[in-house]
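Notes for the one structure printed next.
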Amino acid sequence: MGLIKIQSFSFLFTILILSSSSLPHRHRHNRRHHRRNSQLIPSIFHPPFIPSNVNGDWVLLHESIGVSAMHMQLLYNNKVIIFDRTDFGASNLSLPQGKCRFDDEVLDVDCSAHSVLYDILSNTYRPLMVQTDVWCSSGALNSDGTLIQTGGYHAGDRKIRLFSPCDGDVDCDWTELPQNLTVQRWYASDHILPDGRVIIVGGRKAFSYEFFPKTMDDNGGVFHLPFLVETTDPMEENNLYPFLYILPDGNLYIFSNQRSIVLDYVNHNVLREFPMIPGEKRSYPATGSSVMLPLRLRQGQEPVVEVMICGGAWGGAYVKALEGEFWRGSSSCGRMRLTDPDPKWVMEEMPSGRVMPDMLLLPTGDVLILNGAANGAAGWENAIDPVLNPGLYRPDETDPGRRFTVLTPTSIARMYHSSAILLPDGRILVGGSNPHSTYNFTAVKYPTELSLEAFSPPYLATQYAHLRPLNQAVDVGQVLSYGQQFSITFTLPFPQPDAEFMVSMIPPSFTTHSFGMNQRLLFLEIVGVERLFMFGYRVVVFAPPTRNIAPPGYYMVFVVHQGVPGHSVWVKIQ
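The sequence shown maps to residues -22 to -1, 1 to 552 in mature numbering (1 follows the signal peptide of the UniProt record, and there is no 0).
So, in structure tokens, the structure goes:
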């Protein structure tokens, strides 16, 4: 299963204790809604921070970044694009002098930023300028690491925007293409394909899919998908932001509402439909979340493919929430092995109900579930009772009663329009939450959140520092070929008597509305492990065999030692 165990000598060692003076502040100011100017904003402290809590730890990175983090995308240069929407008025962060948007539907002149570029290493951010409304849009990185960002609202609902990573260039910013999408895409989902194109699926009143860039075979540019019509509920929809996964055979798995199919997007045929997931609705606004569980790669074997979906709301919950009645969110999770001869949903219970959760794959293969509310549905003012405790799910635990662990709570409610992503150092970046039609900081139960915080999962606790791989490096440089054998060198802080290693490979996902688009985790097959010196090791692995398993682009590669990942290194597979 990609795990190698080797024997070494046992040594006595002394763990260096971090002094309390070296730890970052956890102080949180009371006011979050003052205007920030457009210079590079300094950090409250300098990360990374190693927590001492074995149930995870929260650190406030910024009291305010000026915008609410509705959408997030990690880039291979260790920066994160964060953006909100433009149609509510001015944000709390100014654009650089001389930059403004004109003739906006709300403001004649808007000189505020609705997007920022966050630098992970320095914990700073700077404003970016979007030209049209990106509200409830979608995105995916292409094979070169450029963000292809699609759709939005009103003037932005057919727009295609690009953001290319850049270092040391304060002028790099959003680019909006002159070509448009074929139809409006609002609440759609995107996925990179094995051939490097991006497929855009669904959206409000958009029962179709299309591609970027388009080819001569695209037949007018849009392809009708009756499945999206069939999964639309009257008055509620419950089919927006469908869950998408590229399968090892190259076809596309699509989940909407309670149903799912496999789509051959080349020949435009539905190849298979799966059983309905029992219980509640799972798609926006009865919003649940989903991951494809890790693919374990072995030469000559097809990997087992299993999807997992958690949370959501009963049909009717959205309408009732509009009337001020907040139904309990779903506490159920379903797992289904798509590769079984007769796939069926296997249901489990979370420790608590949750609507609008975020599900993230951790380098260990575990699943982190965080954010959201206990009651209601997605939408403005449609939910109450934030769920502050993340949950850790261990999919390989044989005892179902031991799979979930409740972790340390945050103090910040992350409700509608919040987001979370995995960072290269193993932390989780968390931001957003704005369940209001405008920015609202006073006289409301759940104020608009402009803050940014980081959650360190249990594997980053100080108690496990002696297990953490350090100084990771890939012998072939940054670029890999499919099926290539390569090695990763690293050190351990202290010699280990029983060293066990796994190597995981994770692409950066685009996260919004409780779904990490393009999220997947590959456990690479380990050929062997060599001990180089007392603290140094080399692990030899096979790169993913095909583009269907790993669509081309940038990935984080983590070495995991006895359940503790090191800092990842970036590779590009092509």
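Here a beta-carbon is modelled for each residue, glycine too, at the ideal position from N, C-alpha and C. Nothing here was measured: the structure is a model prediction, and the numbers come from that model.
- Relative to residue 334, the option among 42, 185, 361 and 454 whose CA is nearest is 361.
- In the structure shown, the three-state DSSP call for residue 273 is strand.
- By the CB criterion at 8 Å, residue 431 and residue 388 fall inside the cutoff.
- Distances from the CA of residue 106 to each of 117, 89, 98 and 121 were compared; the closest alpha carbon is that of 89.
- Counting the other CB atoms within 10 Å of its CB gives residue 101 a total of 16 or more, which places it among the buried residues.
- If only uninterrupted alpha helix (DSSP H) runs of at least 4 residues are considered, those enclosed by the region 200 to 240 are 204 to 208.
- The criterion of a C-beta distance shorter than 8 Å is not satisfied by residue 143 and residue 341.
- If you check the CB distance, residue 56 and residue 402 come in under 8 Å.
- Pairing residue 332 with residue 365 gives a Cβ-Cβ distance under 8 Å.
- In terms of Cα proximity to residue 85, the closest of 465, 442, 67 and 325 is 67.
- The continuous alpha helix (DSSP H) containing residue 296 extends over residues 295 to 300.
- Counted as a single uninterrupted DSSP element, the beta strand (DSSP E) harbouring residue 506 occupies residues 504 to 509.
- Spanning the alpha carbons of residue 71 and residue 375 requires a straight line of approximately 46 Å.
- Within 10 angstroms of the beta-carbon of residue 207 lie fewer than 16 other beta-carbons, which makes it exposed.
- By alpha-carbon distance to residue 412, the top candidate from 422, 393 and 404 is 393.
- Sorting 275, 231 and 181 by C-alpha distance to the C-alpha of residue 262 places 181 at the top.
- Taking residue 154 as reference, the option from 277, 125 and 469 with the minimal CA-CA separation is 125.
- By the neighbour-count criterion, in which a residue is buried when 16 or more other Cβ atoms sit within 10 angstroms of its Cβ, residue 312 is buried.
- Sequence-distant Cβ neighbours of residue 457 in its own chain, meaning closer than 6 Å and more than five residues away, are 550.
- Assignment of beta-bridge partners to residue 284 by DSSP yields 315.
- Under the rule that a run must span 3 or more residues, the beta strand (DSSP E) segments found entirely inside the region 135 to 193 read 137 to 141, 153 to 158, 167 to 170, 176 to 179 and 186 to 190.
- Secondary structure at residue 246: coil, using DSSP grouped into helix, strand and coil.
- For residue 441, the three-state secondary structure derived from DSSP is helix.
- Contact holds between the region 216 to 226 and the region 165 to 179, because three or more Cβ pairs, one in each stretch, are under 8 Å apart.
- Just measuring C-alpha positions, the residue of 521, 186 and 343 sitting nearest residue 209 is 186.
- Residue 97 sits in a strand when the DSSP states are folded into three classes.
- Between the alpha carbons of residue 196 and residue 189 lies a distance of about 8 Å.
- Burial is judged here by how many other beta carbons sit within 10 angstroms of a residue's own beta carbon; residue 426 has at least 16 and is buried.
- With respect to the 8 Å criterion, residue 47 and residue 59 are not classified as neighbours on the basis of their beta carbons.
- C-alpha of residue 325 to C-alpha of residue 283: approximately 17 Å in a straight line.
- A distance below 7 Å between beta-carbons, with the five flanking residues on each side excluded, links residue 329 to the following residues of its chain, in chain order: 369, 382 and 384.
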